[in-house]
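J.: For reference, the structure I am asking about is given below.
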Amino acid sequence: MRVPYGRLILSLLLALLLAPTTATAQAQSDDDLPIFDAHIHYNRDAWGLYSVDDALALLDRAGVRKAFVSSTPDQGTLMLWQRAPERIIPSLRLYRSSADQATWTRDDSLLADIQERLQSDVPYRGIGEFHLFTGQSDNIVPRAI
């Protein structure tokens with residue numbers, strides 16, 4: 063089959079001429095893309111530094127339109143979600159305090175707390191972040207959840 067070189071050269075020239083326009087349009091549209099932050103914590107130690115309104119204003123300034131939030135304790139997530147339910151996507155963090163990070167896999171008192179929170183009217187869309195180390199996956203809490 064014979065390739066019509068005239069058409070090939072014309073196509074290449076058009077591609078080269080249009081490439082900068084396409085790249086510019088792409089760069090401009092990339093600047094307008096919404097930011098979804100999939101890893102935010104609003105932990106107790108931040109509450110005294112940043113009010114809920116301050117935290118949401120920081121998201122505004124950063125261009126974050128939606129955020130997947132988990133906090134220790136969970137009240138941090140709930141405070142943000144209650145103020146901006148269309149923007150904050152709550153994730154259930156298993157830790158009631160930072161001390162739970164070391165013991166949560168064996169602390170069966172967490173199970174009732176987790177169950178109660180999951181049955182609340184909060185639309186949790188995830189569980190975590192939590193830390194699971196070698197040998198802990200067979201402990202009572204990870205097995206139950």
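In this note's numbering, the protein residues as written are 63 to 207.
Yeah, the Cβ is synthetic: ideal placement off N, Cα and C, and Gly gets one too.
All figures in this text were calculated on a predicted structure; none of them were measured in a lab.
#1: Can you tell me where the alpha helix (DSSP H) with Asp52 in it begins and where it stops?
#2: Would Pro152 be called buried (16 or more neighbouring beta carbons within 10 Å of its own) or exposed?
#3: Looking at the structure shown, is Ala39 part of a helix, part of a strand, or coil, going by DSSP?
#4: Would you identify the three-state DSSP class for Ala146, choosing helix, strand or coil?
#5: On the CB-based measure, 16 or more other CB atoms within 10 Å of its CB, does Gly68 come out buried or exposed?
#6: Contact between the segment 139-148 and the segment 157-167 is defined here as three or more beta-carbon pairs at a separation below 8 Å; is this criterion met?
#7: Alpha carbon to alpha carbon, how far is Leu180 from Val114?
#8: Could you say which of Ile176, Gly138, Phe192, Arg187 lies nearest to Ala164 if we only look at CA atoms?
#9: Please name the residue in Ile176, Trp109, Pro204, His101 whose C-alpha comes closest to that of Arg168.
T.: In brief:
#1: The structure shown does not extend to residue 52, since the chain is modelled only from 63 through 207, so no value can be given for it.
#2: Taking every protein chain shown into account, the CB of Pro152 has 16 or more other CB atoms within 10 angstroms, so this residue is buried.
#3: Residue numbering for the chain in the displayed model covers 63 to 207; residue 39 lies beyond these limits and cannot be assessed.
#4: The answer is coil: DSSP assigns Ala146 none of H, G, I, E or B.
#5: Reliability fails at Gly68, whose pLDDT of 45 lies under 50, so the model's placement of it is uncertain and the value that follows must be treated cautiously. With fewer than 16 other Cβ atoms within 10 Å, it is exposed.
#6: No: fewer than three Cβ pairs fall under 8 Å.
#7: Cα-Cα distance, rounded: 23 Å.
#8: When only C-alpha atoms are compared, the closest one is Phe192.
#9: Arg168 has its Cα closest to that of Pro204, out of Ile176, Trp109, Pro204, His101.
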